Structure formats: structure tokens, C-alpha cells
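Structure first, commentary second.
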């Protein structure tokens, strides 16, 4: 068998990790035909198929799984050596939910920025951000769901606690499901994802009411609840100052408050970049020292 170039192996590993010829081409800065040609060349050299073509993306064959297992550690180690010897000023691209990234994560990263870190952020929903991560458009993602994307590894980062809150001026005759069903509800989305989870956990049932006000930003929901528009379920980190100031009150004190675990996800191989590794390590350390959110 003739020698296999590193370029072919790098292209193969990018396609393997992203699950897409298109995404791999974007990650590598190549055209799609060039990536397809390199994959076909490697398949020809190895005399075996590496990917099954799907309507959307590609799926690795057992031969691809084995090849990736054998070459990925060496290629990643080589990238780490090159990055350390030839450091660049490339920005780290971080994605996450708008409210949590702005309220909690940005202050944590201030020391790194002051020491020279170049940072770019993308705000959005976890599914979209994880797809961008796998495609190489992001380096790190703070995800509110457990990542199940090929080519992405993740660590639990924090536990987010949820509270049922209202303004003190919104008097309720009680705090059971029946009384709450009569109160105006402010929600993040029409399908009540946060409220629904809280109701099931605390009251053992689905919420019976529809939202009277919908604001697709938790900071907007907080502002509406503070103004007395209605009740809502919000993460504790977002309510902390208002609860301390008395401008919000909790309407229930369950034995176990509903929580959601957040994850720090990174694309396989991205930690070869020192800046990405530095941001990841800094965030893990900072969150381990922080309280439950």
C-alpha cells in the first residue's frame, strides 16, 4: 500500500467528526468537491468504503470507526505541537443561551480577555449551537441539553435551579395548581417548555393554562413578571437580585427544586488549540467554585 498523506487523514477525520462533507469543507476551508475527492482517494488507497452517503450527511462504516480510533490521537497531538510552536491570535468562538452567557459566563471570562483572549460569541438554542460546533463554526458551546452529536465531547458544568415567581403585588389565594391556573402566565415560548417541566416535577401534572404573555428572552420574562404582568418559572440565577431586593417573591417552596444540568461541549480535536483549551479549563474551574444556579 502506498503511503497515505496527512492531508487525506485530516480530511477523513474532519468528515468523520462532523458527519458531513459540507461541514468538513467549511471546517477545512476547502471546496466540497475537494473534500469528496480526498475521501474517495483514501477509500481507494485503503480498498474499503469509509462512509455511507445519506440524504443528509454521511455515516461512518466500521472501517472508518477503526481508522478514526487509530489516527485521531496522533493527529490531535500533532496539531497541539504545531499550535504551541506557532501560536496564532485566532479568536475563540463560544456559543450558548443568550441570558446565561450574558449574565454569568461573560464576567467569568473577563480576566482572560484582559490578558489578550480574542472572543466571539453566538447566542441561540442548544440544538442549533451544537450543530454549529460539530460543523466547526464554533469551538465551545454551553448547552442546556446533553450533547449527543458525533464528534462532540461534553462535561457537566453547572446545575440550574428553577423557581416559581411573581411580583409581590400579584396576590394569590393559594399556590396550588388550581389557584395558579387562574393567574396570568408569562412564558418563554407558546409550548411552555420551562413551565411544563416545573409543573410536572412539583405538581405531578401538566400546566392547565396557556400563556397570556410570551417573550422569547428570559430577561424579558423577568421584566414582565417584575412589572406584575403574571407568574412565571425562571432560573434562580436570573432572579437572585430581585428576590434579595423584594421585587420578586417565590410562590412555592418544593422539597426539591427542579434543576437542569448545563454542559460545556467542545469539538473533538479543538482542544489542540491552546486558546480553546485555556477557555475550557478556566470555565470548568470557575463553575466548580460557583454555587448552584
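In the working numbering, the protein residues as written are 521 to 813.
We put the CB at the ideal spot given by N, CA and C, even for glycine.
It should be emphasised that the depicted structure is a prediction, and the values quoted were computed from it without experimental measurement.
Inter-residue spacing [alpha-carbon to alpha-carbon] between residue i and residue j
| i | j | result |
| --- | --- | --- |
| residue 766 | residue 586 | 59 Å |
| residue 659 | residue 790 | 6 Å |
| residue 646 | residue 739 | 18 Å |
| residue 583 | residue 558 | 16 Å |
| residue 684 | residue 714 | 10 Å |
| residue 673 | residue 666 | 10 Å |
| residue 737 | residue 743 | 10 Å |
| residue 795 | residue 530 | 21 Å |
| residue 710 | residue 621 | 23 Å |
| residue 591 | residue 781 | 33 Å |
| residue 690 | residue 749 | 8 Å |
| residue 661 | residue 576 | 23 Å |
| residue 764 | residue 613 | 34 Å |
Whole-Å CB distance - residue i paired with residue j, under 8 Å assumed
| i | j | result |
| --- | --- | --- |
| residue 628 | residue 803 | 6 Å |
| residue 707 | residue 752 | 6 Å |
| residue 570 | residue 563 | 5 Å |
Per-residue burial, residue i [other beta carbons within 10 Å of its own, 16 or more giving buried]
| i | result |
| --- | --- |
| residue 537 | buried |
| residue 773 | exposed |
| residue 624 | buried |
| residue 652 | buried |
| residue 775 | exposed |
| residue 809 | exposed |
Residue i and residue j closer than 8 Å at C-beta
| i | j | result |
| --- | --- | --- |
| residue 611 | residue 638 | yes |
| residue 578 | residue 539 | yes |
| residue 762 | residue 746 | yes |
| residue 729 | residue 758 | no |
| residue 682 | residue 754 | yes |
| residue 726 | residue 717 | no |
Complete alpha helix (DSSP H) runs within the stretch 552-610 (minimum length 4 residues, chain order): 552-566 and 582-605
Runs of alpha helix (DSSP H) wholly within the stretch 636-718 (minimum 4 residues, chain order): 646-654 and 697-701
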